[in-house]
Structures are given as structure tokens and as C-alpha cells.
Amino acid sequence: MTSQMANKKYEVNFRLAYGMRCIGKGQKAAQTLCAMLNLPSAPTKFVTYYKALLEPLQEVCDNSMKSAAMEAIISNESKDITAAFYATWQKRGHSSLNGVVT
Numbered sequence: 334m335t336s337q338m339a340n341k342k343y344e345v346n347f348r349l350a351y352g353m354r355c356i357g358k359g360q361k362a363a364q365t366l367c368a369m370l371n372l373p374s375a376p377t378k379f380v381t382y383y384k385a386l387l388e389p390l391q392e393v394c395d396n397s398m399k400s401a402a403m404e405a406i407i408s409n410e411s412k413d414i415t416a417a418f419y420a421t422w423q424k425r426g427h428s429s430l431n432g433v434v435t
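Residue numbering for the sequence shown follows this note's numbering, beginning at 334 and increasing consecutively.
And the structure:
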């Protein structure tokens, strides 16, 4: 119980949920990690941590994209910026729920 509290939850659990999310893993992977490191069990409701992390992460994302757009405008000396996009789907066709755009 040495971790700081944030939103009535322990900060270490927020960090665990965020870290697992960053590497594309979830609650099961967190439970396995904690078991292998002989740590107390991971929180049982990861969704509450994801919801609490959503707003701050969206704010950081928005600020980062605005900063990148301003940087592109300044380096291009105009708001007319050419962009190239590539998109793909997890499955063939457009019936997939998972898409990637770069």
C-alpha cells in the first residue's frame, strides 16, 4: 500500500494498465506478469483504468497532432500541405472491424 492514490485507485495499477495497453496486452497478460514476478494480483477490472486513462490520453494525442500540424505549416510556409495515406484491413475486403492507416 505504498503507491500514491489517483481517482481512488492506486497509481501503480494505472501504470500497469497503461503499460499493458501500450504493448497491446490486457488483463490476462497483466495477471501472468504479476504471477511470474511474485507480485500481488493485477486489478480485476481493467476497464475502469482504461476509462480513467482515456481523457488524459486523448488530450495528449490532440496536443501532439496540433503541434505536428503547426510544425508542418511552419516548415511548408503554407496551409496547403500534401499528404499521402496508406490503409489496410485485417481481413480482405471492408468487412473487417480492424483497419490501419499510415
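Every residue, glycine too, gets a C-beta built ideally from N, C-alpha and C.
Quantities reported herein were computed from a predicted structural model and do not represent experimental measurements.
Secondary structure of K378, DSSP reduced to three states = K378 sits in coil when the DSSP states are folded into three classes, being neither helix nor strand.
ask   = Given T435, which residues of its chain have a CB within under 6 Å of its CB, disregarding the five upstream and five downstream residues?
value = Closer than 6 Å at the Cβ level, and outside the excluded window around T435, lie Y419.
inquiry  = Can you list, in chain order, the residues of its chain with a C-beta nearer than 6 Å to that of A363? Leave out the 5 residues immediately preceding and following it.
reply    = Non-local beta-carbon contacts of A363 in its own chain, meaning distances under 6 Å to residues more than five positions away in sequence, involve L349, M353, A375 in chain order.
task = Please report the residue range of the beta strand (DSSP E) in which G357 lies.
result = Here G357 belongs to no beta strand (DSSP E), and DSSP marks it neither H nor E.
request  = Could you tell me the distance, in whole angstroms, from the CA atom of L390 to the CA atom of Y383?
outcome  = Going from the Cα of L390 to the Cα of Y383 covers about 10 Å.
task = Give the DSSP bridge partners of M338, in chain order.
result = Paired residue(s): Y343.
key: Range of the contiguous beta strand (DSSP E) that encloses T421   = Taken as a continuous stretch (DSSP letters only), the beta strand (DSSP E) holding T421 covers 420-422.
inquiry  = Do Y351 and L386 have their beta-carbon atoms positioned less than 8 Å apart in this structure?
reply    = Their beta carbons are under 8 Å apart, which means L386 touches Y351 by this criterion.
task = Report yes if the CB atom of Q360 is closer than 8 Å to the CB atom of F347, and no otherwise.
result = Not in contact: Q360 and F347 (Cβ atoms no closer than 8 Å).
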